[in-house]
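Novice:
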Amino acid sequence: MGVFSPKGGVGKTTIATNVAVGLGKVAPMNVVIVDLDLQFGDVASNLYLHPEHTMTDAVSNSASQDAMVLKAFLTLHAANIYTLCAPLDPVAGDLITAEQVTHLLQQLSTQFKYVVVDTGPGLTEHTLAALEQCTDAIWVSGMDVSSVRSLRTGLDVLRKLELIPETRHVVLNFADTKTGLSVQDIEASLGAPIDVAIPRSKALSYATNRGVPVLQEPIRDPAVRGLTELVERFDPQWRDKRRKLHRRAVVQ
Ligand SMILES: Nc1ncnc2c1ncn2[C@@H]1O[C@H](COP(=O)(O)OP(=O)(O)OP(=O)(O)O)[C@@H](O)[C@H]1O
Ligand SMILES: [Mg+2]
Numbered sequence: 000m001g002v003f004s005p006k007g008g009v010g011k012t013t014i015a016t017n018v019a020v021g022l023g024k025v026a027p028m029n030v031v032i033v034d035l036d037l038q039f040g041d042v043a044s045n046l047y048l049h050p051e052h053t054m055t056d057a058v059s060n061s062a063s064q065d066a067m068v069l070k071a072f073l074t075l076h077a078a079n080i081y082t083l084c085a086p087l088d089p090v091a092g093d094l095i096t097a098e099q100v101t102h103l104l105q106q107l108s109t110q111f112k113y114v115v116v117d118t119g120p121g122l123t124e125h126t127l128a129a130l131e132q133c134t135d136a137i138w139v140s141g142m143d144v145s146s147v148r149s150l151r152t153g154l155d156v157l158r159k160l161e162l163i164p165e166t167r168h169v170v171l172n173f174a175d176t177k178t179g180l181s182v183q184d185i186e187a188s189l190g191a192p193i194d195v196a197i198p199r200s201k202a203l204s205y206a207t208n209r210g211v212p213v214l215q216e217p218i219r220d221p222a223v224r225g226l227t228e229l230v231e232r233f234d235p236q237w238r239d240k241r242r243k244l245h246r247r248a249v250v251q
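Here it is, written out as structure tokens:
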């Protein structure tokens, strides 16, 4: 699955790291988070990691031909998840091609139950390559006109290119009643219902600065509820339950 938004700063990395940490509880050692924000990725800093190896090593010839070598380049995090961090030097990120990203994601998907991809802002060639490999896309918008409009435009373009992954999860971040926009207005502009709302929360910005995602600790916070709801959408038990409910609704 991947976390996407045309606009920067709407909470992609916060969401991706928390989803990975949350899934680490469902499937310990069977989750990998990949930082595809190849120039200024901050998954490492959000998880307080100082990786020895990065994406540059993961797309090297030796790793691309050998699953064991690739695994040796991942960094293990305390939440029982593996991480593949962005290169430390933005120039190194430019040298990684879309084809390499495609191959890497295919390799990881055979080794891990969950591959969580964090992306940078914009629809770059790396992001398009990730979109093509993802079964699920988490689309993130802030609660402001500009990020809602950009997401709408982005979704329209991707639909034309037939690049929309099968399952969609729309997340409204920084959800706040005082912005002058209502959830209904946003849903109408997006042309899609909001699946999960995450309120603005000091706990989240504090967690980013500390490098400890909120789902890693037993914190009571309204944002934790939203993030937990999002993680549950990827739990197979939840999916089965939903499918059954849906079937019942169809039969009646
Ligand atoms: N719901 C929230 N409430 C308060 N702060 C938040 C919330 N969501 C994210 N933040 C904070 O906003 C900042 C930007 O979030 P984040 O880095 O996740 O965005 P991003 O979409 O990954 O940005 P970029 O496009 O630059 O990669 C971070 O400091 C984060 O802690
Ligand atoms: Mg980010």
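For the sequence shown, numbering that gives the first Met the number 0 gives the first residue as 0, with consecutive numbering after it. Virtual Cβ for every residue (Gly too), placed ideally from N, Cα, C.
1) Is the beta carbon of L73 closer than 7 Å to that of A265?
2) Measuring alpha carbon to alpha carbon, tell me which residue in G1, K6 and V2 is nearest T152.
3) When we look at the beta-carbon of T134 and count the other beta-carbons within 10 Å, is it buried (16 or more) or exposed?
4) Are the beta-carbon atoms of M142 and L189 separated by less than 7 Å?
5) Quick one: measure Cβ to Cβ for T53 and P27, integer angstroms, because I've assumed they're closer than 8 Å.
6) I need the boundaries of the alpha helix (DSSP H) containing R148, first residue and last residue.
7) Restricting to Cα atoms, I'd like to know which of A191, G23, I32 and V213 is closest to T118.
8) Which of helix, strand or coil does DSSP assign to L48?
9) Work out the CA separation of L35 and N45 for me, nearest whole Å.
10) Would you kindly work out how many angstroms separate the C-alpha atoms of G8 and Y47, rounded to a whole number?
11) Restricting to runs no shorter than 4 residues, where is the alpha helix (DSSP H) found entirely within the segment 80-134?
12) Cα separation between T126 and Q99?
13) Taking only heavy atoms of ligand 2 into account, decide whether any of them is closer than 6 Å to the Cβ of T12.
14) Restricting to Cα atoms, I'd like to know which of D194, T176, Q183 and D220 is closest to R167.
15) Does T176 pass the burial test, meaning 16 or more other C-beta atoms within 10 Å, or should it be called exposed?
16) If you follow the beta strand (DSSP E) that D34 is part of, which residue opens it and which one closes it?
17) Terminal residues of the continuous alpha helix (DSSP H) containing I218?
18) If contacts are defined as beta-carbon pairs under 8 Å, then N172 and I137 qualify, I think. What distance do you get, rounded to the angstrom?
19) Less than 6 Å between the CB of V33 and some heavy atom of ligand 1, yes or no?
20) Shorter than 6 Å, the distance from the beta carbon of V9 to the closest heavy atom of ligand 1, or not?
21) Quick check on A196: does DSSP put it in helix, strand or coil?
22) Sorted by chain position, which residues of the same chain lie with C-beta nearer than 6 Å to V116's C-beta, five sequence neighbours on each side aside?
23) Taking Cβ positions, are T12 and D41 nearer each other than 7 Å?
24) Taking DSSP as the reference, what is the three-state secondary structure of S140?
Specialist: In short:
1) Outside the displayed span of the chain (0 to 251) sits residue 265, for which this structure offers no information.
2) K6
3) Residue environment: T134 is assigned as exposed (fewer than 16 neighbouring CB atoms within 10 Å of its CB, all protein chains considered).
4) no
5) About 23 Å separates the two Cβ atoms, so there is no contact after all.
6) DSSP places R148 inside the alpha helix (DSSP H), whose first and last residues are V144 to K159.
7) I32
8) coil
9) 14 Å
10) 19 Å
11) Within the segment 80-134, complete alpha helix (DSSP H) segments of at least 4 residues are found at 89-93, 97-110 and 124-132, given in chain order.
12) 12 Å
13) yes
14) D194
15) exposed
16) V30 to D34
17) Neither: I218 is in no alpha helix (DSSP H) and is coded neither H nor E.
18) About 10 Å separates the two Cβ atoms, so there is no contact after all.
19) Because no heavy atom of ligand 1 lies under 6 Å away, the Cβ of V33 does not count as near it: no.
20) yes
21) Reduced to three states, the DSSP call for A196 is strand.
22) G1, V33, L35 and A129
23) yes
24) strand
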